[in-house]
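Report on one structure; see the data block that follows.
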Amino acid sequence: MKKFYVTTPIYYINSEPHIGSAYSTIIADVIARYRRLSGYEVFFLTGTDEHGQKVLNEALARNIDAQKYCDIMADKFRKLWNELELTNDGFVRTTDENHMRTVQQFVTRLRENGDIYKGRYEGWYCIPDETFWNEEDLKEGKTCPECGREVKWVSEENYFFRLSKYTDRLLKLYKGNPEFVQPDFRRNEMLRILESGLKDLSITRTSFSWGVPMPDDPEHVIYVWVDALINYLSAIGFPDDKETFERFWPADVHLIGKEINRFHSIIWPAMLISAGIPLPKQIYAHGWLTVNGQKISKSLGNAVSPMAFVNVYGNDALRYYLLRDIQFGRDGDFSEDNLIGRINADLANDLGNLLHRTVVMIQKFNNGLVPEMGIEDPIDDTLRELAERTFSTYTESMDHLKFTQALEGIWELIRFGNKYIDLTEPWKLGKNLENKERLDSVLHNLVRVLKNV
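Converting from the sequence shown to this note's numbering requires adding 1 to each position, the first position being numbered 1.
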């Protein structure tokens, strides 16, 4: 059986799960369901990122133990994923003992390959984003280019990963495999970083202890972003469960938000090359889900739970809207008004109307039973040809993560199904028994359209 491994980023637990974090996971769920329907054995992974100074500070602010805080927050993510009826096969937590052991083994492998050394780090650090920045990257007033908050000057002894060593290897990868990072404009952003040259990466901290201890030097804890990336391996058994690991690795697609593209598309492949592990097949950096044009964030107070919409409109309606209205890969603005518009125009008027008219006529003209094919007409061939094209364009679109285009193709078939009713006029055919075989074909074809949809 063919295998397929899809992952979301593991979600940092310093804030409540919201519609933005649910978006990536819903997309991954759609991919997983599609691949299962296509005959693949799928492993769909999500989880929570639980280490780092930001998490420790949040726990201290609440006056609770850091692990207890992580347990509370991880349960909130699990509960939401269950309520959204997601079909993830794994849920990894970076505080799991198995994951922490894997991180230490992975870092040991990097060190044995000569890619870890001890030095001193001095630079600008954004605590909320757990990210170091060069001075030329900072915004006015020494603020983070991602979140806009103030950065701090940090000076401490660290272990470093020889990231600079892999600049040429990564450039060769990008130029030889343009599908490795998608969409194209995200790949080009990473190419510009590579072409400017990479600097070695600080991978430990000594200013706090909430993290995975560095092997043989526990005063250092491993940088949260090195720790977090390794979840894609630990969740499928690396290095102990070789059978599971070799069955699913390399990952087919890492779904990530654009703000963490650099970690996944530059640092992660360099680490894997150093460790002698095959690279994932694709990293897809999608845009932000915004509300009224603003990125969803705790500080802005615009983080809304998807359950607020699911409880009113249902899971399927929310999923349809997110994939139909928001072009995957680009930023998209979440609007309840647009959600309602899609429900009314597409789900009720187009699909709902086609279903209702078909069921009512089958009940009226054939006692609720789907009839066999009878007399055919050239318009039937047009309908069948469109259905066949829809299958083809749907498969091609889904294989390339073009969800909006896949749905547009399906809705073309739905709209023609409604037009087919108007053209064949089954209500007139039903008035004369001589037209029964033609009526049977019309009703049969309508049921086939709905089954295909």
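Beta carbons: idealized from backbone N, C-alpha and C, even for Gly.
Sequence-distant residues of the same chain with beta carbon closer than 6 Å to residue i, five excluded per side
{"i": "Ser336", "result": "none"}
{"i": "Leu273", "result": "Leu280"}
{"i": "Asp185", "result": "none"}
{"i": "Arg46", "result": "First, the residue type needs correcting, since residue 46 is Leu and not Arg in the sequence shown. If we look at Leu46 and ignore the five residues flanking it on each side, its Cβ neighbours are Thr8, Gly91 and Ala236."}
{"i": "Leu1", "result": "Given a span of 2 to 454 for the chain in the structure shown, any question on residue 1 remains unanswerable."}
{"i": "Ser156", "result": "Glu123"}
Residue environment, residue i, which counts as buried when at least 16 other CB atoms sit within 10 Å
{"i": "Ser455", "result": "Because the chain here runs from 2 to 454, residue 455 falls outside it and cannot be looked at."}
{"i": "Thr88", "result": "exposed"}
{"i": "Arg188", "result": "buried"}
{"i": "His221", "result": "buried"}
{"i": "Asp242", "result": "exposed"}
{"i": "Ser442", "result": "buried"}
{"i": "Leu474", "result": "Given that the chain is displayed from residue 2 to residue 454, the structure contains no residue 474 and the question cannot be resolved."}
{"i": "Ser393", "result": "exposed"}
{"i": "Asp347", "result": "buried"}
{"i": "Val93", "result": "buried"}
{"i": "Asn446", "result": "buried"}
{"i": "Leu51", "result": "The question names Leu, but residue 51 in the sequence shown is Glu. So Glu51 counts as buried."}
{"i": "Leu199", "result": "buried"}
Pair within 9 Å by beta-carbon distance, residue i and residue j
{"i": "Tyr224", "j": "His255", "result": "no"}
{"i": "Ile231", "j": "Val104", "result": "yes"}
{"i": "Val7", "j": "Ala33", "result": "yes"}
{"i": "Ala229", "j": "Thr95", "result": "yes"}
{"i": "His287", "j": "Arg343", "result": "no"}
{"i": "Gly410", "j": "Tyr421", "result": "no"}
{"i": "Leu324", "j": "Thr405", "result": "yes"}
{"i": "Asn135", "j": "Thr207", "result": "no"}
{"i": "Val152", "j": "Leu172", "result": "no"}
Beta carbon proximity, residue i to chain D, threshold 9 Å
{"i": "Tyr70", "result": "Reference to chain D is not applicable here, since this structure consists of a single protein chain."}
Of the residues the options, the one placed nearest residue i, counting alpha carbons only
{"i": "Leu85", "options": "Leu199, Asn316, Arg390 and Asn350", "result": "Asn316"}
{"i": "Ile194", "options": "Asn178, Thr205 and Leu164", "result": "Leu164"}
{"i": "Leu38", "options": "Cys71, Ala75 and Met2", "result": "Met2"}
{"i": "Leu444", "options": "Lys77, Phe366, His221 and Tyr70", "result": "Phe366"}
{"i": "Leu308", "options": "Pro216, Ile27 and Ile278", "result": "First, the residue type needs correcting, since residue 308 is Met and not Leu in the sequence shown. Answer by Cα proximity: Ile27."}
{"i": "Asn83", "options": "Ile327, Asp30, Asp130 and Tyr395", "result": "Asp30"}
{"i": "Arg36", "options": "Tyr167, Ser398, Leu370 and Arg390", "result": "Ser398"}
{"i": "Glu190", "options": "Ile261, Asp169, Glu137 and Pro214", "result": "Ile261"}
{"i": "His265", "options": "Trp289, Ile380, Tyr233 and Gly294", "result": "Tyr233"}
{"i": "Gln364", "options": "Lys80, Ala67 and Val448", "result": "Val448"}
{"i": "Ser25", "options": "Lys166, Thr359, Ile257 and Lys437", "result": "Ile257"}
{"i": "Met215", "options": "Arg102, Leu192 and Glu141", "result": "Arg102"}
Enclosing beta strand (DSSP E) for residue i [first to last residue]
{"i": "His445", "result": "No beta strand (DSSP E) contains His445, which is instead part of the alpha helix (DSSP H) from Lys437 to Asn453."}
{"i": "Asp50", "result": "Glu42 to Asp50"}
{"i": "Ser235", "result": "Element bounds for Ser235: not the beta strand (DSSP E) but the alpha helix (DSSP H), Asn232 to Ser235."}
{"i": "Pro219", "result": "Asp218 to Ile223"}
{"i": "Tyr167", "result": "First-last for Tyr167: undefined, no H or E at that position."}
{"i": "Ile532", "result": "Summary: the structure shown does not reach residue 532, with the chain confined to residues 2 through 454, and so no result is reported for it."}
{"i": "Gly53", "result": "No beta strand (DSSP E) contains Gly53, which DSSP labels as neither H nor E."}
{"i": "Lys4", "result": "Lys4 to Thr8"}
{"i": "Arg188", "result": "Not the beta strand (DSSP E): Arg188 falls in the alpha helix (DSSP H), residues Asp185 to Glu196."}
{"i": "Val292", "result": "Leu290 to Val292"}
{"i": "Ile257", "result": "Val254 to Gly258"}
Cut-off 8 Å between Cβ atoms - residues of its own chain near residue i, not counting five sequence neighbours on either side
{"i": "Phe161", "result": "Ile117, Tyr118, Lys119, Gly120, Tyr122, Asp201, Leu202, Ser203 and Ile204"}
{"i": "Gly238", "result": "Glu244, Thr245 and Phe246"}
{"i": "Trp154", "result": "Glu123, Gly124, Trp125 and Tyr126"}
{"i": "Leu387", "result": "Glu413, Leu414 and Phe417"}
{"i": "Thr132", "result": "Tyr126, Cys145, Glu147 and Trp226"}
{"i": "Leu111", "result": "Ile117, Phe162, Met272, Ser275 and Ala276"}
{"i": "Asp97", "result": "Ser235"}
{"i": "Val360", "result": "none"}
{"i": "Gly431", "result": "Met362, Lys365, Phe366 and Leu440"}
Beta-carbon contacts of residue i that lie in its chain and below 7 Å, excluding the five residues immediately before and after
{"i": "Asp382", "result": "none"}
{"i": "Lys4", "result": "Tyr41, Glu42, Arg248 and Phe249"}
{"i": "Asn15", "result": "Lys55, Val56 and Glu59"}
{"i": "Arg150", "result": "Cys127, Pro129 and Thr144"}
{"i": "Trp269", "result": "Leu230"}
{"i": "Asp72", "result": "none"}
Closer than 8 Å: residue i CB and nearest the ligand PLP heavy atom
{"i": "Ile20", "result": "The ligand PLP is not part of the structure shown, which contains no ligands of any sort."}
Span of the alpha helix (DSSP H) around residue i
{"i": "Gly342", "result": "Glu337 to Arg343"}
{"i": "Leu355", "result": "Asn354 to Asn367"}
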